[in-house]
Amino acid sequence: MLDVIVLGGGALGLLSAHMLALRGKQVLLLDRQGVGRESSWAGGGIVSPLYPWRYSAAVTALAHWSQDFYPGFGRRLLDETGIDPEVHVTGLYWLDLDDEAEALAWAEREGRPLFSVDVAEAYQRVPVLGDGFARAIHMPGVANVRNPRLVKALRAALAAMPNVELREHCPVTGFIQEDGQICGVTTAEGEVRAERVVLAAGAWSGELLGTLGLELPVEPVKGQMILYKCAEDFLPSMVLAKGRYAIPRRDGHILIGSTLEYAGFDKTPTDNALDSLKASAEELLPALKDAEVVGHWAGLRPGSPEGIPFIGELPAHPGLWLNCGHFRNGLVLAPASCQLLADLMLGREPIIDPAPYAPAGRLAQ
Ligand SMILES: Cc1cc2nc3c(=O)[nH]c(=O)nc-3n(C[C@H](O)[C@H](O)[C@H](O)COP(=O)(O)OP(=O)(O)OC[C@H]3O[C@@H](n4cnc5c(N)ncnc54)[C@H](O)[C@@H]3O)c2cc1C
45 MLDVIVLGGG ALGLLSAHML ALRGKQVLLL DRQGVGRESS WAGGGIVSPL YPWRYSAAVT
105 ALAHWSQDFY PGFGRRLLDE TGIDPEVHVT GLYWLDLDDE AEALAWAERE GRPLFSVDVA
165 EAYQRVPVLG DGFARAIHMP GVANVRNPRL VKALRAALAA MPNVELREHC PVTGFIQEDG
225 QICGVTTAEG EVRAERVVLA AGAWSGELLG TLGLELPVEP VKGQMILYKC AEDFLPSMVL
285 AKGRYAIPRR DGHILIGSTL EYAGFDKTPT DNALDSLKAS AEELLPALKD AEVVGHWAGL
345 RPGSPEGIPF IGELPAHPGL WLNCGHFRNG LVLAPASCQL LADLMLGREP IIDPAPYAPA
405 GRLAQ
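Structure (structure tokens):
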């Protein structure tokens, strides 16, 4: 008998499976397509919430644990798989913020390195920055992770583990329930049973839980991004103004994001978003006027109230565990979320207080 079925192969499902398998569990991961093709591929990979001081203590606790974990995790995945997720520490400048005082007060309270700097420093460090910015704050330690490679590395790590089976192109249609206990899932290829099931299906998690008559407040929130290719040293730091950001990869690719749209499960990139993202890119980094847009895509974030994920067992449905609803921050929050899930499932001391993420009381029945 399998120990755990993980439903969904985005960052949250892949890393949940990895952490449980490292502890010796027999794991089956199911995805209805190839793993790592949805939001976890489409995201920007900033290893921080965009405006960390605007989030609750619950999101902050997961973010801080993960930020400390990422650099070593990236190196271990590279050693294990030969695929480099490129955890790239560039720092981040926020320009002309309205709530700078709140940001600085938060940093002091949390003991995080975030400083008010003369805007001349930002122009010196990022000479390609557009004219006219008056104020800057800087967080030197922020990294970005090359998320398409992260999911590829996780897939390779799982494929090499003898106690893991990856079953792709296998849609899950519902849950098997016996004597009030969840003991497996139904799929296009038949039933599969396990002691426990982890639901990590991103924006589709609500739909799947609906098959049990439960209302999980997780909804798709579309985000579009565009991509440029520049010289490797074009942009030495991430920059963010008016809700739009530029992220440099090590090889000179620059991502510009992102839109926030409530459009159901539609993932079609639009001309409007392209124009708006290009305008933001050229305001932040005017040299991009002469560069070609080499990519444009959309992904569906798993939106949840206040962006607080659901992590833990459903009390009315023992055997069914959630790890979903990470909204705009699933890449940064993934390590802490998956470690917390594994701790709770294995009965170990949890890395942080699990109470804010517990599904109990947060779902309508
Ligand atoms: C434009 C954009 C920018 C972003 N930028 C950042 C950022 O800078 N930093 C950050 O931390 N986060 C960012 N995010 C958010 C982040 O990408 C998500 O929070 C995270 O990827 C969610 O991961 P997930 O594993 O829950 O979902 P997903 O990656 O969407 O994976 C869900 C998986 O479940 C599978 N699935 C669904 N239904 C079924 C079914 N019935 N049967 C089997 N399998 C199923 C899907 O095929 C998919 O593989 C961004 C997102 C977007 C769209």
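Numbering-wise (our numbering), the sequence shown opens with residue 45 and increments by one.
Every residue, glycine too, gets a C-beta built ideally from N, C-alpha and C.
Please read all numbers here as calculations on a predicted model, not as lab measurements.
M269 has its CB nearer than 7 Å to a heavy atom of ligand 1. Inside the stretch 90-140, DSSP marks whole alpha helix (DSSP H) runs of 4 or more residues at positions 101-125, from first to last along the chain. Shortest Cα-Cα distance from F219 to any of L94, P157, G234 involves G234.
Taking C-beta atoms as the reference points, L198 and H62 count as a pair closer than 8 Å. For D397, there is no enclosing beta strand (DSSP E), as DSSP gives it neither H nor E.
Relative to ligand 1, V262 has its C-beta separated by 7 Å or more from all heavy atoms.
Counting C-beta pairs closer than 8 Å gives three or more between the stretch 186-205 and the stretch 78-90, which meets the contact rule. Considered as a whole, the stretch 319-406 harbours 374-390 as its complete alpha helix (DSSP H) runs of no fewer than 4 residues, in chain order.
Distance between T125 and G118, taken at the CA atoms: about 11 Å. The stretch 201-216 and the stretch 161-176 do not touch, with fewer than three beta-carbon pairs separated by less than 8 Å.
Boundaries of the beta strand (DSSP E) around A285: 282-285.
DSSP, reduced to helix, strand and coil, places V186 outside both helices and strands of the structure shown, so it counts as coil. Check the Cα spacing between L136 and each of W150, I181, L121: the tightest is with I181.
In this structure, the beta-carbon distance from L279 to L329 falls below 8 Å. Secondary structure of L243 (DSSP, three-state): strand. Annotation for A86 indicates a beta carbon within 7 Å of some heavy atom of ligand 1.
For Q221, the uninterrupted beta strand (DSSP E) segment begins and ends at 216-222. Taking a C-beta distance under 8 Å as the contact criterion, P115 and V376 do not qualify as a contact pair. Between the beta-carbon of P353 and that of H340 there is about 28 Å, and that puts the pair past the 8 Å contact cut. Taking C-beta atoms under 8 Å as the contact rule, I298 and A290 qualify, at a distance of about 6 Å. The Cβ neighbour count for R153, taken over all protein chains shown within 10 Å, is under 16; the residue is labelled exposed. At least one heavy atom of ligand 1 sits closer than 7 Å to the Cβ of C368. Under the three-state reduction of DSSP output, V172 falls in the coil class, being neither helix nor strand. Straight-line measurement puts the Cα of K273 at about 47 Å from the Cα of G405.
Judged by pairs of C-beta atoms under 8 Å, the stretch 233-250 touches the stretch 45-56, as three or more such pairs exist.
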